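Please read the structure below before turning to the comments.
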Amino acid sequence: MPPAPASYDAILTAFEQGQKTIADIVRGLTDEALFATVKFITAPKTISDVPRLQVLWMMLCDQIHHRGQFSVYLRLADGKVPSIYGPTADEPWL
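Under numbering that gives the first Met the number 0, the final residue of the sequence shown carries the number 93; numbering is consecutive throughout.
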């Protein structure tokens, strides 16, 4: 494992580099590679063959879900909720 980033800016840089690397890999996949199956957990203690595209879609939906959870936690902690899905009371667009 690489060492933990030393600062907030280092965290942002590492995240942005990781996101770009993954996006470039996915963008470069052929249709054949996207629909090829990979082993993935489909139920407790069950691993099945699932199309790679379905796994990617599930991961995107999972990230959306957790961003939604985070916005609820921010609100409960009296934090400001950023406009992650559109305008919020804390960051209106108009």
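Glycine is no exception: its CB is placed at the ideal position from the N, C-alpha and C atoms. None of the values given here were measured: they were computed from a predicted structure.
query                                                                                                                : result
Touch test, the region 62 to 78 against the region 27 to 46, Cβ-Cβ under 8 Å, three pairs minimum                    : no
Where the alpha helix (DSSP H) through residue 54 begins and ends                                                    : 51 to 75
Spatial neighbours of residue 8 in its chain, beta-carbon cut-off 7 Å, leaving aside the 5 residues before and after : none
Candidates 83, 63 and 55, of which the one nearest residue 24 by Cα                                                  : 55
One or two residues paired with residue 42 in a DSSP bridge                                                          : 45
C-beta contact flag for residue 51 and residue 71 at 7 Å                                                             : no
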